[in-house]
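Enquirer:
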Amino acid sequence: MRNKEIELKFGLEGPVNNLFEIFSNIGTVSNPKVQHLDNTYFDTDTKDLFNIRAGLRIRHADDFSEQTLKVKGENIGGLHRRSEYNLPIEKDVTIPQLQKFPKEAFPENFDVDDIQERLSSVCRINFTRQLFTLELLDSEFEVAHDSGFISVEGHESYPINELEIELKKTQVENEDLLNLFSILCNNLATNDLPLLLEPFSKMHRASLLKKNSSRVLDLSSFETKGTTVDYVKNLVISFEQLYGYFVVNKESTTFSLFTCALKDLIEALKLLRRRNLPAFIKGQNEPVEYQGDLKIIIRLLKTFYKACARNQKKLFKAQIRGYVQEIDSIFKAIRLVEQNTKMFLIPLKLRLLLSLLAN
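Per the numbering used here, numbering of the sequence shown is gapless, rising by one per residue and ending at 427.
1. Roughly how many angstroms lie between the CA atoms of Ala375 and Val405, to the nearest whole one?
2. If you follow the beta strand (DSSP E) that Thr136 is in, where does it begin and where does it stop?
3. Going by C-alpha distance, which of Ala212, Thr114 and Val161 is nearest Val97?
4. If I'm right that Ser320 touches Leu383 with Cβ under 8 Å, what's the distance once you round it to whole angstroms?
5. So, with DSSP's three-state summary, where would you put His104?
6. Should Pro83 go down as buried or exposed, given a rule of 16 or more other Cβ atoms within 10 Å for buried?
7. Kindly indicate which three-state DSSP category Tyr462 falls into: helix, strand or coil?
8. What is the DSSP secondary structure of Ile352, counted as helix, strand or coil?
9. Using the C-alpha atoms, what's the distance from Glu394 back to Lys400?
10. From the DSSP output, read off the bridge partner residues of Ser189.
11. Short check: CB of Leu252 to CB of Leu204, under 9 Å?
12. For Leu413, which residues of its own chain have a beta-carbon under 7 Å away from its beta-carbon, when the five flanking residues on both sides are left out?
13. Are Arg461 and Ser219 closer than 9 Å when you measure CB to CB?
14. Quick check on Asp396: buried or exposed, where buried means 16 or more other Cβ atoms within 10 Å of its Cβ?
15. Reducing DSSP to helix, strand and coil, say where Leu418 ends up.
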């Protein structure tokens, strides 16, 4: 019933019809299949589940139905890790039963019965999933391309076009998972997949859409204390979180905050490069060279920053004037530069590098 879900999640630009062929250049692929998934997500009016970073859904597929609880996890440079509880249900079940999940799935003093009484549907997320198995580096992954829509009452449907790569089996130790996924990402970049950053889950995006009129940015994780390495780690969090908000809302204020965070990240990485801290792979005594990789990362970030800074004022003016088509055009231009500079690689690469540095 329970498993630790570890996956990469990316956006995709446009239709990609040859994923199976592309991944056959990366590793051994098998078991292609297509699923039609109808998902209804639930929460209370006071967002009790969202506030503990949990997602609750009922999923109906062609050949199964289940209720799922995903509980608080972490996003490490695009690598999503969280606990997941799945329970089979009958096809006619319309409300998930929280009491059927184990007690350890919930925080202390979480009133399951009270929450159960106040559950209501938040949104529907319907998509077609094309999936297959990938074997690479003594590991087995499930690759899924999801294409569909998030439907929230009172809002236009929000499109879904994303790639998920979930680790199913591996001989790799936990401390080496970042490196495993980093190698996989290198292969994705080499094969020129049109990948984009997608920091937030489908449910998180749906919740932001539902709260559109009263959205508040959560800046609680943007700590600035600690060592230089800690500071850079938190700037990477800022980079991911703020861009995730912008991708959903396309707001100029959010984009301005993101652009500032991006500039700070570049300056912090320049400082890190000048300090030239030693970096070590676990179990090895010889330091590893990383200056070349860091130089490339800084160059790519600077290219993306220039595009963001160039479009910042344009987006503000378009939003003030209510020019919806111009906002969409600017948004697409920003995402095109993001795609061309392969920003999807950056958070994971930085997290891997920072994990090797000696403070």
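Beta carbons are placed, not taken as given, at the ideal position from N, Cα and C, and that holds for glycine. In this text the structure is predicted, and so the values were computed from the model without any measurement.
Expert: Inspection of the coordinates gives the following:
1. 7 Å
2. Ser133 to Lys138
3. Ala212
4. Confirmed, Cβ separation roughly 5 Å.
5. Looking at His104 - three-state DSSP - the assignment turns out to be strand.
6. Counting Cβ neighbours within 10 Å, Pro83 comes out exposed, since fewer than 16 surround it.
7. Outside the displayed span of the chain (69 to 427) sits residue 462, for which this structure offers no information.
8. It should be noted that the sequence gives Gln, not Ile, for residue 352. Coil, per DSSP.
9. Approximately 10 Å, taken between the alpha carbons.
10. Phe110
11. yes
12. Cys253 and Ala257
13. Residue numbering for the chain in the displayed model covers 69 to 427; residue 461 lies beyond these limits and cannot be assessed.
14. exposed
15. helix
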